[in-house]
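Let me begin by presenting the structure, written as structure tokens, before commenting on it.
There are 2 protein chains.
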Amino acid sequence: MGLTKTEIFTDGQNRLAALFKALGHPARIAILQYIINQKACICNDLVDELGLAQATISQHLKELKRIGIIQGTIEGKSVCYCIDEKLWKQIQAEFNVFFNQEVKVTGCCP
Amino acid sequence: MGLTKTEIFTDGQNRLAALFKALGHPARIAILQYIINQKACICNDLVDELGLAQATISQHLKELKRIGIIQGTIEGKSVCYCIDEKLWKQIQAEFNVFFNQEVKVTGCCP
DNA sequence: AACTATTATCGTAATATTGCGATACTAAAA
DNA sequence: TTTTAGTATCGCAATATTACGATAATAGTT
Numbered sequence: 066m067g068l069t070k071t072e073i074f075t076d077g078q079n080r081l082a083a084l085f086k087a088l089g090h091p092a093r094i095a096i097l098q099y100i101i102n103q104k105a106c107i108c109n110d111l112v113d114e115l116g117l118a119q120a121t122i123s124q125h126l127k128e129l130k131r132i133g134i135i136q137g138t139i140e141g142k143s144v145c146y147c148i149d150e151k152l153w154k155q156i157q158a159e160f161n162v163f164f165n166q167e168v169k170v171t172g173c174c175p
Numbered sequence: 066m067g068l069t070k071t072e073i074f075t076d077g078q079n080r081l082a083a084l085f086k087a088l089g090h091p092a093r094i095a096i097l098q099y100i101i102n103q104k105a106c107i108c109n110d111l112v113d114e115l116g117l118a119q120a121t122i123s124q125h126l127k128e129l130k131r132i133g134i135i136q137g138t139i140e141g142k143s144v145c146y147c148i149d150e151k152l153w154k155q156i157q158a159e160f161n162v163f164f165n166q167e168v169k170v171t172g173c174c175p
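Right, here's the structure in full:
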């Protein structure tokens with residue numbers, strides 16, 4: 066126990082849940098917002114900006130990279146992180162497909 | 066360690082992350098989809114439908130109730146769960162506010 | 001080549017989550 | 001009132017996540 070039974074769910078359900086999960090941490094929300102708000106792409110000003118250790122930030126960046134919503138390109142001795150616009154929009158679209166399902170309310174909900 | 070440092074993030078960041086997190090499990094996605102697809106609201110056909118124990122389903126339902134996206138009304142000896150349409154749309158809207166931020170791409174992303 | 005700055009990874013401790021059996025609780029049914 | 005069905009909660013075991021210091025890896029600088 067303690068491990069999710071992914072095999073009993075559909076790929077779609079697992080995929081959607083993985084996307085939601087990746088965004089389910091305030092540090093990762095903050096990282097995305099910070100990257101978005103800088104005109105230039107950002108590397109590890111994040112360590113100064115958020116109050117988390119370098120190792121922790123790096124770990125969160127890895128999570129975000131894993132779902133593809135950001136990408137990092139080597140820029141000299143630092144790494145420039147930025148939003149992958151295409152993925153950003155695609156993920157939003159996937160969420161909206163989910164949320165745009167028609168919700169049929171019947172009786173029991175006042 | 067092992068506990069999220071919520072105090073260093075804004076309320077908005079914590080709120081958004083909490084919403085994402087609540088949806089970040091395939092069982093909870095499946096539960097929402099199942100409730101939506103039934104014309105009538107549902108109680109614990111979920112236990113038969115998904116391959117999870119009753120205690121586990123009940124736990125997931127609690128998580129979903131916590132963010133308000135579903136509500137349960139007592140119906141005799143069973144409980145009828147349904148989507149809270151208002152919250153459903155509100156949460157979608159909160160996600161879209163986040164995703165509709167303008168992503169400024171600059172240089173480093175090819 | 002030695003040094004420095006930046007980032008990734010490893011190992012570890014603390015906490016959270018997932019899943020389940022057992023049990024308590026509740027309301028209808030007999 | 002006893003029984004029964006449905007649900008919630010407790011307690012536990014297994015695994016995952018979060019956070020961090022230490023260290024490795026990389027690429028520029030001197």
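As they're listed, the protein sequences go chains A and B.
Residue 66 is where the first sequence starts when you use this note's numbering, and the numbers rise one by one after that.
Residue 66 is where the second sequence starts when you use this note's numbering, and the numbers rise one by one after that.
The beta-carbon is built from N, C-alpha and C at its ideal position, and this holds for glycine as well.
Values in this document were obtained by computation on a predicted structure and should not be read as measured data.
On the DSSP bridge assignment, give the partners of B:I139 in chain order.
B:V144
Residues that A:E128 contacts on chain B, provided the C-beta gap is smaller than 7 angstroms:
The contacting residues do not exist; A:E128 stays about 12 angstroms from chain B at best.
Checking 8 angstroms against the spacing of the C-beta atoms, do B:I94 and A:L81 come in under that value?
yes
Give me the Cα-Cα distance between A:C173 and A:L129, rounded to the nearest whole angstrom.
40 angstroms
Would B:L68 be called buried (16 or more neighbouring beta carbons within 10 Å of its own) or exposed?
exposed
Hey, how far is the Cα of A:C54 from the Cα of A:Y146?
Nothing can be reported for residue 54 of chain A, as the shown portion of chain A is limited to 66 through 175.
Give me the residue from A:H125, A:E159, A:I148 and A:P91 with the minimum Cα distance to B:K210.
No answer is possible for residue 210 of chain B: it lies beyond the span of chain B, which begins at 66 and ends at 175.
Identify, in the order they occur along the chain, each residue of the same chain with its Cβ nearer than 8 angstroms to the Cβ of A:W153, setting aside the five sequence neighbours on each side.
I134
Which stretch, first to last residue, makes up the alpha helix (DSSP H) that contains A:T121?
Q119 to I132
When the Cα atoms are used, what is the spatial distance from B:N161 to A:Q157?
7 angstroms
Which residues in the same chain as B:M66 place their Cβ atom closer than 6 angstroms to its Cβ, once the five residues preceding and following it in sequence are excluded?
none
Output yes or no for whether 8 angstroms exceeds the beta carbon distance between A:H125 and A:A92.
yes
With a threshold of 8 angstroms between beta-carbons, can B:K120 be considered close to chain A, or not?
The amino acid at residue 120 of chain B is misidentified as Lys; the sequence shows Ala. No, B:A120 does not count as interfacial toward chain A.
For A:Q78, which residues in chain B fall below 8 angstroms Cβ to Cβ?
P91, I94, A95 and Q98
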